[in-house]
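As C-alpha cells, the structure follows; a few thoughts come after it.
Protein chains in written order, with the working numbering: chain A, 1 to 103; chain B, 1001 to 1309.
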C-alpha cells in the first residue's frame, strides 16, 4: 500500500495527483505507528475516491529529498498536490488529523 | 453489535503484553488496545541490559519478540486505535473506539507513561524526546541534553556514539541522578561533554525557525550564559497517561494509580499494571510482575463472577 521511493524517484512520484509522503527510519517506533495509521487511513471513507498515493522515504538513505524538504524530526509527513507541497507535519499525526490535512 | 471479550487491556507496553500472555494461558479471550504500536517506552530504548536472558538487546527488538509471542498465542492486538470513551463502573465495562464498542467484565489499565515535555512555549522543531529516532541528524553538531538522570546520561552516550560533536548536559537539581557507573562512562568523553547542575533553559534563540543557541541559567551563581546548540533532547522524567480515565478512577496527587496487592483499583473488575501504578521502581521487570498479577487476579475475578451466576 505504501510504496518505498528513493531520491531518484522522488520528483516523478509526487509530480501529479494527491500524494502523501512519510519520512522514516529504522528502529523508530513512531514511524512504524505512522505507517499503520496511513494504512488505516487509506481504508477510511475520507480517503476514498481521492486517488491518494502513499510513499515512504528512508531519511538516512535519501539525503537529497531530506535536505530539500529540510526534514528534521521523524516521522514527518508531507502532502503534495501536483508536485506542490500543501501540508507538512512531524511527530504524532492521528488519522483524524490526517483527514483534516487532506480536506 | 458490540464485540465482547473476557478482558480488555488498555495499552500495549510490556505490562499489557505480559497480562495478555497470562490471560491467554488462562483461556480467557483478551484484546490489547494500543493507540500507537505495541512496546511502549521500551521501544525508544537503545539498549536494554537488565532483562533476564538478554544481556544486551535493542528495546524495539525485545518488544517485537514479546508481541510476536502474544500474537502466536492468539491474543487480538488492535494498534493505532483511538479510544473515545470508557465506562468502568458496573459489571460490564465498555470502551468506545473508532473501531466500535468493545465490552468485557474486566479492564486492565496499562497505558503507561510518556516523557515529560520541556516547559517552554515553543514550536521549535529541534526539540526531541527520542534519540534513536532523531539522533543521527546531529552528527558533527552540538546537542543539549536536558536531565541528568539515567536516561539523560545513557542517551548522551548513545548520541556520542553517533558522532555528535559536543554535548552539554544540564540538570535543574544540584546533582546528577544517574548511576555512578553511567556518570563515569560519560566522563570518559569529557573532551566532548560538559555538565551543569542547578541549570535550566532561559531562552531558545532561533533563526528562521531553526535553533541557533540557548541561553542557560546557572542558579548556583545566578549566571546566564549562552551555548551554540543545534538540537535539544529532553529527559526530564515521565508523566502518566491517564487522560481517558482520570475522572473515572482514583489517582494519587502525582497522577498514579494506587493498587492493592492484586493490582486491583478502586473499582471492581478494573485492574492496573505497569508504569501508571504507584511504585518505588519503574522497570521492565516490575511492569511484567504487574501484568502477571493483574491477569491472574482478573482470571480469579471472572471465575467468581461466573460461579455466582
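The beta-carbon is built from N, C-alpha and C at its ideal position, and this holds for glycine as well.
Kindly indicate which three-state DSSP category residue 55(A) falls into: helix, strand or coil? To locate residue 55(A), count along the first chain from 1; it is residue 55. Here residue 55(A) sits in strand by DSSP.
Let me check understanding here. Comparing Cα to Cα, which of 1097(B), 1077(B), 1083(B) lies closest to residue 1020(B)? Here the question's residue 1020(B) lines up with position 20 in the second chain. The option with the nearest alpha carbon to residue 1020(B) is 1077(B).
Classification of residue 1253(B) by the beta-carbon crowding that lies within 10 angstroms, buried from 16 upward: In the second chain, the residue the question calls residue 1253(B) occupies position 253. Classification of residue 1253(B): exposed, given that the 10 Å Cβ count is below 16.
Touching or not, the stretch 1147-1161 of chain B and the stretch 1185-1196 of chain B, by the rule of three or more beta carbon pairs under 8 Å? By the C-beta criterion, the stretch 1147-1161 of chain B is judged to be in contact with the stretch 1185-1196 of chain B, since at least 3 inter-stretch pairs fall below 8 Å.
Tell me, please, which residues DSSP counts as bridged to residue 1115(B). Locating residue 1115(B) in the second chain gives position 115, counting from the first residue. Beta-bridge partners of residue 1115(B) (DSSP): 1238(B).
Buried/exposed call for residue 1225(B), threshold 16 Cβ in 10 Å: As a first step, residue 1225(B) is located in the second chain; it is residue number 225 there, counting from the start. The Cβ neighbour count for residue 1225(B), taken over all protein chains shown within 10 Å, is under 16; the residue is labelled exposed.
For residue 1186(B) and residue 1199(B), I'd like the C-alpha separation in whole angstroms. In the second chain, the residue the question calls residue 1186(B) occupies position 186. In the second chain, the residue the question calls residue 1199(B) occupies position 199. If you take the alpha carbons of residue 1186(B) and residue 1199(B), they lie about 19 Å apart.
Within chain B, partners of residue 72(A) - CB distance below 7 Å: For the purposes of this step, residue 72(A) is identified with residue 72 of the first chain, where counting begins at 1. Annotation: Cβ neighbours of residue 72(A) in chain B (cutoff 7 Å, chain order): 1125, 1126, 1137.
Helix, strand or coil at residue 1061(B) according to DSSP, with G and I counted as helix: Residue mapping note: residue 1061(B) aligns to position 61 of the second chain, counting from 1. In the three-state reduction of the DSSP assignment, residue 1061(B) falls in the helix class.
Just the C-alpha distance for residue 1100(B) and residue 1080(B), rounded to the nearest angstrom, thanks. Residue mapping note: residue 1100(B) aligns to position 100 of the second chain, counting from 1. Residue mapping note: residue 1080(B) aligns to position 80 of the second chain, counting from 1. Using only the alpha carbons, I get a separation of about 14 Å.
Residues in its own chain within less than 6 Å of residue 1067(B) by CB, not counting five upstream and five downstream? By one-based count along the second chain, residue 1067(B) stands at place 67. 1038, listed in sequence order.
Taking DSSP's pairing of strands, which residues face residue 1207(B) in a bridge? On the second chain, residue 1207(B) is found 207 positions in, with the first residue counted as 1. Bridge partners of residue 1207(B): 1210(B).
Taking the runs of the alpha helix (DSSP H) that are 4 residues or longer, which of them lie wholly in the stretch 1024-1075 of chain B? 1059-1072
Since I believe residue 1234(B) is in contact with residue 1118(B) (beta carbons under 8 Å), could you give me their beta-carbon distance rounded to a whole number of angstroms? The residue given as residue 1118(B) occupies position 118 in the second chain. The residue given as residue 1234(B) occupies position 234 in the second chain. Contact flag correct, Cβ pair sits at about 5 Å.
Following the continuous beta strand (DSSP E) through residue 1101(B), name the residue where it begins and the one where it ends. In the second chain, the residue the question calls residue 1101(B) occupies position 101. Run containing residue 1101(B): 1100-1104, per the beta strand (DSSP E) assignment.
Interface residues of the stretch 49-61 of chain A facing chain B [CB-CB below 7 Å]: Cβ contacts with chain B come from 60.
According to DSSP, is residue 1094(B) part of a helix, a strand, or is it coil? What you label residue 1094(B) is simply residue 94 of the second chain in a count that begins at 1. Note: residue 1094(B) maps to strand in three-state DSSP.
Taking the beta carbon of residue 959(B) as the centre, do at least 16 other beta carbons fall within 10 Å, making it buried, or is it exposed? This structure leaves residue 959(B) out entirely; chain B is present only between 1001 and 1309.
Within the 9 Å Cβ cut-off, does residue 1037(B) reach chain A? Position 37 of the second chain, counted from the first residue, corresponds to residue 1037(B). Yes, contact with chain A.
Nearest residue (CA-CA) to residue 1065(B), options 1018(B), 1164(B), 1256(B): In the second chain, the residue the question calls residue 1065(B) occupies position 65. The residue with the shortest Cα to Cα distance from residue 1065(B) is 1018(B).
I'd like to confirm something about residue 41(A): is its beta-carbon nearer than 8 Å to some heavy atom of the ligand MN, or not? With respect to small molecules bound, the structure shown includes none, and the ligand MN cannot be examined in it.
Local conformation of residue 1193(B) per DSSP, three classes: Residue mapping note: residue 1193(B) aligns to position 193 of the second chain, counting from 1. Strand at residue 1193(B).
Which residue wins for smallest C-alpha separation from residue 59(A), given the options 1179(B), 1137(B), 1190(B)? Here residue 59(A) refers to the residue found at position 59 when the first chain is read from its first residue. The shortest Cα separation from residue 59(A) among 1179(B), 1137(B), 1190(B) belongs to 1137(B).
Buried versus exposed call for residue 1209(B) [16 or more other C-beta atoms within 10 Å across all chains shown]: The residue labelled residue 1209(B) in the question sits at position 209 within the second chain. Looking at its Cβ environment, which holds fewer than 16 other Cβ atoms inside 10 Å, residue 1209(B) is exposed.
Which chain B residues are close to residue 33(A), counting only those with a beta carbon under 7 Å from its beta carbon? The residue you call residue 33(A) lines up with position 33 of the first chain. For residue 33(A), the chain B residues whose Cβ falls inside 7 Å of its Cβ are 1036, 1037, 1080, in order along the chain.
DSSP three-state call for residue 1271(B): helix, strand or coil? As a working mapping, residue 1271(B) is identified with position 271 in the second chain. Shown here, residue 1271(B) sits in a strand according to DSSP, grouped into three states.
Restricting to runs no shorter than 4 residues, where is the alpha helix (DSSP H) found entirely within the stretch 1108-1167 of chain B? 1131-1134, 1150-1161
Quick one: what's got a C-beta closer than 6 Å to residue 1128(B)'s C-beta in the same chain, skipping five residues either side? Residue 1128(B) sits at position 128 when you count from the first residue of the second chain. So the qualifying residues of the chain are 1134, 1233.
Among 1045(B), 1240(B), 1257(B), which has the Cα closest to the Cα of residue 1114(B)? On the second chain, residue 1114(B) is found 114 positions in, with the first residue counted as 1. Taking only the C-alpha atoms, the option nearest residue 1114(B) is 1240(B).
Compute the Euclidean distance between the alpha carbons of residue 1097(B) and residue 1164(B), then round it to the nearest angstrom. Looking up residue 1097(B) in the second chain gives position 97. Looking up residue 1164(B) in the second chain gives position 164. Residue 1097(B) and residue 1164(B): Cα-Cα distance of roughly 43 Å.
Could you say which of 1219(B), 1207(B), 1201(B) lies nearest to residue 1227(B) if we only look at CA atoms? Here residue 1227(B) refers to the residue found at position 227 of the second chain. The shortest Cα separation from residue 1227(B) among 1219(B), 1207(B), 1201(B) belongs to 1201(B).
For the stretch 1131-1158 of chain B, list every residue whose C-beta sits within 7 Å of some C-beta in chain A, in sequence order. 1132, 1133, 1134, 1136, 1137
Minimum length 4: unbroken alpha helix (DSSP H) runs contained in the stretch 55-81 of chain A: 63-68
I'd like to know if residue 78(A) contacts chain B, where contact means its C-beta is closer than 9 Å to some C-beta of that chain. Looking up residue 78(A) in the first chain gives position 78. So no, residue 78(A) is outside the interface.
Quick check on residue 1034(B): buried or exposed, where buried means 16 or more other Cβ atoms within 10 Å of its Cβ? If you number the second chain from 1, residue 1034(B) lands on position 34. Burial of residue 1034(B) is indicated by the presence of at least 16 other C-beta atoms within 10 angstroms of its C-beta.
Could you confirm whether any beta carbon from chain B is found closer than 9 Å to the beta carbon of residue 36(A)? Numbered from its first residue, the first chain carries residue 36(A) at position 36. Judged by the 9 Å Cβ criterion, residue 36(A) is in contact with chain B.
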